[in-house]
Amino acid sequence: MINPNTKRLTLSDFYQFHQITECALSPDGRRTAYIQKTPLKTKNDYTHNLWVAPTDGSSPPYPLSRGQRWDRMPRWSPDGSSIALLSKREPENPDADPKDASGDAREPEAQIWIYNLAQGGEAHQLTDRPEGVESFAWSPDGSRLVFAARDPSPTDSRYLESIRDKKSPGPLVITRVQHKTDEEGYLDTVPTHLFLIDAKTGDVEPLTTGPASEQDPVWSPDGHWILFRSNRTGDADNNRRFDLWVINPGNREVRRLTFGDVEARYPFFSPDGTTVAFISSQAPENNYALNRLWTVPLAAAAPDDSFPENLGSGWKAIGGIVADGEPLGPVDSARVYPVPEASTPMAPVAPAFDGMLEGPVYFDGPNHLLALASERGQAKMFRFGLQDGSLALLWPRERSGTVLHFDAAHGHIGAVISTPETGPECFAITDGDATRLSRASADWLAQRSTVPFQWLHYRDHDGEDIEALVLTPPDFQPGVPAPLLVSIHGGPMSYEAPEFEFETQYWANRGYVVLLVNYRGSTSYGEAFCETIRGRWGPMEHDDVMCGIDALIERGWADPDRLFCTGFSMGGIMTNWAVGHTDRFRAAVTEHGVWDYVSAFGTDDCHLWWQDDMGVPWQNPRVYYECSPMSGLDQIRTPLLITAGEHDWRCPLSQAEQLYVALKKRGVDTELVIYPGEHHQSDTRPARAIDRLQRIDAWFARYGGIPVES
22 MINPNTKRLT LSDFYQFHQI TECALSPDGR RTAYIQKTPL KTKNDYTHNL
72 WVAPTDGSSP PYPLSRGQRW DRMPRWSPDG SSIALLSKRE PENPDADPKD
122 ASGDAREPEA QIWIYNLAQG GEAHQLTDRP EGVESFAWSP DGSRLVFAAR
172 DPSPTDSRYL ESIRDKKSPG PLVITRVQHK TDEEGYLDTV PTHLFLIDAK
222 TGDVEPLTTG PASEQDPVWS PDGHWILFRS NRTGDADNNR RFDLWVINPG
272 NREVRRLTFG DVEARYPFFS PDGTTVAFIS SQAPENNYAL NRLWTVPLAA
322 AAPDDSFPEN LGSGWKAIGG IVADGEPLGP VDSARVYPVP EASTPMAPVA
372 PAFDGMLEGP VYFDGPNHLL ALASERGQAK MFRFGLQDGS LALLWPRERS
422 GTVLHFDAAH GHIGAVISTP ETGPECFAIT DGDATRLSRA SADWLAQRST
472 VPFQWLHYRD HDGEDIEALV LTPPDFQPGV PAPLLVSIHG GPMSYEAPEF
522 EFETQYWANR GYVVLLVNYR GSTSYGEAFC ETIRGRWGPM EHDDVMCGID
572 ALIERGWADP DRLFCTGFSM GGIMTNWAVG HTDRFRAAVT EHGVWDYVSA
622 FGTDDCHLWW QDDMGVPWQN PRVYYECSPM SGLDQIRTPL LITAGEHDWR
672 CPLSQAEQLY VALKKRGVDT ELVIYPGEHH QSDTRPARAI DRLQRIDAWF
722 ARYGGIPVES
């Protein structure tokens with residue numbers, strides 16, 4: 022029964038839903054800085070503000086930034102006296118932010134700003150890069166920072182000014198295979214390089230140059246090296262070979278640490294600076310391959326005298342060009358990826374561990390690593406032993422909650438954790454216990470009827486064990502079947518976790534039983550489970566979802582005559598597949614999905630993914646057609662609401678338009694909702710987030726779902 026002291030979650034509560042997105046511990050571990058995302062109703066926007074809290078919870082957290090801000094990536098200075106962060110703010114010097122080619126004021130770019138905690142007051146702007154800053158790190162002595170930023174040449178700058186002229190934009194000149202990507206739009210050839218900046222004077226000096234990009238700098242503990250990631254194959258759009266290099270900030274000596282066989286991410290130095298830990302799979306172009314935790318000794322780094330003009334060196338072959346008529350078959354012929362000349366002398370950490378490693382990574386003393394790993398539907402924090410191969414679970418020890426982000430310093434751990442009861446909040450983790458430090462949504466959520474998740478286990482028709490999460494309405498009575506709303510997750514390399522999600526809690530509070538299936542292809546259940554669907558999307562995921570529905574009907578929880586389905590991205594793709602392969606749903610909503618993989622190739626930003634899965638469409642048209650949801654068009658009779666973003670380059674608008682017109686021609690009830698200016702996201706503006714839920718609500722109500730209250 023409903024707790025009389027709480028009330029049901031409603032759409033208006035969305036404006037009270039504040040989320041913690043990332044956290045950073047002070048060097049002594051006694052304070053936590055975190056970013057809080059807050060919706061602004063009157064401005065129809067979000068603000069991202071910096072807060073600070075003591076990690077022992079001895080006093081309430083307090084905000085450092087206020088008002089409408091875009092703050093992210095807080096980083097403490099080595100002495101703990103300052104916090105640097107990336108922020109989009111009006112510049113301190115108005116003359117430093119020139120007007121664009123149209124004469125309009127240019128939107129602020131992300132720059133490094135520093136809060137001096139000892140002196141107090143507002144943040145001080147440190148950088149003034151025309152294209153903004155992407156990432157940065159403090160030097161060990163706190164005197165300098167290294168940052169990564171786009172570095173246009175004079176010719177590049179003139180081109181960028183031309184295409185950004187709102188009144189009379191110049192033509193886009195495309196030369197790259199990866200010519201666009203979601204949120205960024207059409208891509209240019211401007212590289213990202215590393216720069217050093219004096220923390221006091223703001224004096225800047227370039228650290229790297231050349232045609233390739235260098236990203237994500239990390240300083241060694243002794244300050245002798247700066248580590249960075251770079252794809253130097255010369256064909257970066259056709260592979261994912263991100264290697265690790267180190268550069269001496271004094272004499273500019275460069276050494277190569279990995280040798281072309283990895284997609285290195287989240288690198289981190291050991292306390293003594295002799296070892297680097299990172300995450301990578303052993304098959305960089307295979308999206309389904311398991312990411313593992315590796316270490317490599319700094320002493321193994323090889324001198325690289327040809328840097329930065331060394332593109333293509335270190336590989337026997339680069340690849341990226343698909344040859345027609347190869348005898349290997351259309352898929353293997355298309356997998357023409359770099360062949361490195363050497364192997365990285367890296368050692369696996371806990372090689373038997375079957376979870377999917379996620380960043381970040383931190384050394385916990387000389388003999389242990391801290392990292393996140395997704396295991397059976399949860400992101401968990403583990404301590405990995407470097408000497409004995411031990412594995413210790415730190416949090417969570419129950420099957421509720423998931424870790425979204427964490428940081429560690431001086432024996433302390435701070436984490437962003439989401440549970441069904443709290444939403445994403447900042448916690449301190451000690452001896453397996455999590456103590457909440459922030460109260461972003463705690464107060465109002467305590468007054469709402471949030472419902473816990475229940476785990477559902479069943480077998481699909483192939484005998485595979487499948488897990489799903491189920492939410493039931495607050496007043497749900499077992500044995501009295503309720504309408505069922507199936508929400509299919511995206512990815513597909515993702516998973517449903519027992520965390521607070523506004524929309525699923527909203528559906529449950531509306532009176533639906535909500536089913537969230539971790540179908541085959543989901544991560545966190547081992548590599549074989551994930552890779553099963555490689556190159557053959559559709560039938561297996563669909564079977565796993567339908568078997569989950571049957572399991573709930575057999576329990577008497579779901580009304581077989583009131584079934585509804587929705588999904589976003591891959592969830593939209595699988596909704597498109599579902600309505601072409603079953604008539605069991607009264608209505609469905611497909612959001613930002615793909616309909617025809619042939620026409621998606623080259624119009625979305627996933628060509629390398631399609632190529633690795635199925636080859637290229639002109640060599641493998643049959644498989645492209647059979648895997649596409651459009652292959653089931655003549656079977657669709659389910660009323661289908663279609664949503665799309667005008668500027669979605671992951672699942673382009675044209676895919677939704679093709680589906681919509683095809684259904685209209687066949688006389689199927691359908692509507693197409695296009696969100697102007699929107700990318701591949703569902704909640705870039707609060708009003709957008711609420712509008713989509715209202716439309717889904719009304720669509721299901723129209724076809725026998727729970728009536729919408731006026």
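Numbering (this note's numbering), first residue to last: 22 to 731.
Note that beta-carbon positions come from the ideal geometry of N, C-alpha and C, so glycine has one too.
Quantities reported herein were computed from a predicted structural model and do not represent experimental measurements.
Query, Result
"Residue environment, residue 335, which counts as buried when at least 16 other CB atoms sit within 10 Å", "buried"
"The region 316-331 in contact with the region 353-371 per 3-pair CB rule at 8 Å", "yes"
"Three-way DSSP call (helix, strand, coil) for residue 540 in this model", "coil"
"Minimum C-alpha distance to residue 217 - residue among 298, 672 and 271", "271"
"Residue 43 classed as buried or exposed, judged by whether at least 16 other C-beta atoms fall within 10 angstroms", "buried"
"Residue(s) in a DSSP beta bridge with residue 720", "According to DSSP, residue 720 bridges with nothing at all."
"Closest residue to residue 462 among 301, 442 and 589 (Cα-Cα distance)", "442"
"Among 556, 293, 238 and 213, nearest to residue 387 - alpha-carbon criterion", "293"
"Inter-residue spacing [alpha-carbon to alpha-carbon] between residue 362 and residue 197", "26 Å"
"For residue 22, three-class secondary structure by DSSP", "In this prediction, residue 22 scores a pLDDT of 41, lower than 50, which makes its location untrustworthy; no coordinate-derived value is stated."
"Residue 379 and residue 354 closer than 8 Å at C-beta", "no"
"Uninterrupted beta strand (DSSP E) stretches inside the region 563-648 (no shorter than 3 residues)", "579-589 and 608-612"
"Assigned secondary structure, residue 715 (DSSP; H/G/I helix, E/B strand, else coil)", "helix"
"DSSP state of residue 476 mapped onto helix, strand, coil", "strand"
"Closest residue to residue 33 among 724, 719, 714 and 726 (Cα-Cα distance)", "714"
"One or two residues paired with residue 15 in a DSSP bridge", "It is not possible to answer for residue 15, since the shown part of the chain is limited to 22 through 731."
"Given 8 Å, three or more beta-carbon pairs between the region 679-686 and the region 561-581", "no"
"Buried versus exposed call for residue 639 [16 or more other C-beta atoms within 10 Å across all chains shown]", "exposed"
"Beta-carbon separation (whole angstroms), residue 146 vs residue 113, contact threshold 8 Å", "5 Å"
"Separation of residue 621 from residue 229, as counted between CA atoms", "37 Å"
"Coil, strand or helix - residue 691 by DSSP", "strand"
"Simplified DSSP state of residue 465, which is helix, strand or coil", "helix"
"Coarse secondary structure for residue 140, derived from DSSP in three states", "coil"
"Closest residue to residue 133 among 592, 683, 126 and 167 (Cα-Cα distance)", "167"
"Candidates 687, 689, 599 and 697: closest to residue 649 by CA position", "599"
"C-beta atoms of residue 701 and residue 543 nearer than 8 Å", "no"
"Nearest residue (CA-CA) to residue 237, options 224, 244, 406 and 251", "251"
"Status (buried if at least 16 other CB within 10 Å, exposed otherwise) for residue 631", "buried"
"Identified DSSP bridge partners for residue 295", "According to DSSP, which records beta bridges pairwise, residue 295 is partnered with nothing at all."
"Sequence-distant residues of the same chain with beta carbon closer than 6 Å to residue 183, five excluded per side", "191"
"As assigned by DSSP and simplified to three states, the class of residue 221", "coil"
"Nearest-angstrom Cα separation, counted from residue 223 out to residue 434", "32 Å"
"Contact under 8 Å by Cβ, residue 430 with residue 46", "yes"
"Near the ligand MN: residue 106 beta-carbon under 7 Å from a heavy atom", "Although the ligand MN was asked about, the structure shown includes no ligands whatsoever."
"Environment of residue 232 [buried if 16+ CB atoms lie within 10 Å]", "exposed"
"Rounded separation between residue 671 and residue 204 - CA only", "9 Å"
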